[in-house]
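Asks: Under our numbering, the first residue of the sequence shown carries the number 3, and numbering increases by one thereafter.
Each residue gets a CB set at the ideal place from its N, CA and C atoms; glycine is no exception.
These figures come from a predicted structure and were not determined experimentally.
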Amino acid sequence: EELESKERQLKEQVKELESKEKQLDDLVKEFESKERDSQDRVMDLRPGTDRYTLTVKVLSSELVKTIYSDSDELVSCTAECLVGDETGTIIFTARNEQVDLMKPGATVILDNAKIDMFKGRMRLVVDRRGDIEVAKPANFEVREDNNFSLDRYFGYYMVQSLLIFSLKIAVVDAKIYISGHF
Numbered sequence: 003e004e005l006e007s008k009e010r011q012l013k014e015q016v017k018e019l020e021s022k023e024k025q026l027d028d029l030v031k032e033f034e035s036k037e038r039d040s041q042d043r044v045m046d047l048r049p050g051t052d053r054y055t056l057t058v059k060v061l062s063s064e065l066v067k068t069i070y071s072d073s074d075e076l077v078s079c080t081a082e083c084l085v086g087d088e089t090g091t092i093i094f095t096a097r098n099e100q101v102d103l104m105k106p107g108a109t110v111i112l113d114n115a116k117i118d119m120f121k122g123r124m125r126l127v128v129d130r131r132g133d134i135e136v137a138k139p140a141n142f143e144v145r146e147d148n149n150f151s152l153d154r155y156f157g158y159y160m161v162q163s164l165l166i167f168s169l170k171i172a173v174v175d176a177k178i179y180i181s182g183h184f
């Protein structure tokens, strides 16, 4: 009888622990959801801006530049990695030890990331003021049909010059049109 009583107590304790474990799992999911909502998304990125925190999946990684010393020691390497979230993708430029972290299939948190421009296109980078952390696999699907690195951006002055040029053409056309009717 005493054994049965202890067995009942243990079963109750197990049920109580399972209940607390479920509550803890729910709290973790809620926290992760809120944390994810407070982070930036790929679609939020703009040319010349910084201080982004993003959780992204690495879709591909390709070494584009490797520099060796005279003694065949690796001095520097650069990789272009396609990363993304549920809003789109962008090319991330990984340098040196960052290259090892950016493996296809990995989920990473990019802290204090910024946007650099390369030939008029956005590139996401994390410099010495930022950090890259390998995270547990994310539970979102990457939107691969929306690559923000394919968009071409023109500098402010170029756009301004194009607008002035367009206005001058419009004025000339208007004068020609008006003079043709007199």
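When we look at the beta-carbon of residue 70 and count the other beta-carbons within 10 Å, is it buried (16 or more) or exposed?
Replies: Exposed.
Asks: Would the stretch 15–25 count as touching the stretch 80–92 if we require 3 or more Cβ pairs under 8 Å?
Replies: Judged by Cβ distances under 8 Å, the stretch 15–25 makes no contact with the stretch 80–92, as fewer than three pairs qualify.
Asks: By the 10 Å Cβ neighbour count, where 16 or more other Cβ atoms means buried, how is residue 129 classified, buried or exposed?
Replies: Burial call: exposed.
Asks: Alpha carbon to alpha carbon, what distance is there between residue 89 and residue 123?
Replies: Those two C-alpha atoms are separated by around 18 Å.
Asks: Express the C-alpha separation of residue 115 and residue 153 in angstroms, rounding to a whole number.
Replies: Residue 153 and residue 115: Cα-Cα distance of roughly 19 Å.
Asks: In three-state terms, what does DSSP make of residue 97?
Replies: DSSP places residue 97 in strand when its eight states are reduced to three.
Asks: Whole angstroms are fine: how far does the CA of residue 31 sit from the CA of residue 8?
Replies: Rounded to whole angstroms, residue 8 to residue 31 spans 34 Å at the Cα level.
Asks: Can you confirm whether the stretch 48–55 touches the stretch 95–102 when touching is taken to mean that 3 or more C-beta pairs between the two stretches lie within less than 8 Å?
Replies: Short answer: they don't touch.
Asks: Going by Cα to Cα distance, which pick from 76, 77, 125 and 144 is closest to residue 108?
Replies: Nearest option by C-alpha distance: 144.
Asks: How far does the beta strand (DSSP E) with residue 155 in it reach, from first residue to last?
Replies: Counting along the chain, residue 155 falls outside any beta strand (DSSP E), and DSSP gives it neither H nor E.
Asks: Would you call residue 86 buried or exposed, if buried means 16 or more other Cβ atoms sit within 10 Å of its Cβ?
Replies: So residue 86 ends up on the buried side.
Asks: In whole angstroms, what is the alpha-carbon distance linking residue 110 and residue 146?
Replies: Their Cα atoms are separated by approximately 17 Å.
Asks: How is the beta strand (DSSP E) around residue 68 delimited, first residue to last?
Replies: Per DSSP, residue 68 belongs to the beta strand (DSSP E) from 54–70.
Asks: According to DSSP, simplified to helix, strand and coil, what is residue 129?
Replies: Residue 129: coil per DSSP, three-state reduction.
Asks: Of all the options 60, 97, 91 and 62, which has the alpha carbon lying nearest to the alpha carbon of residue 76?
Replies: Minimum Cα distance to residue 76 is reached at 97.
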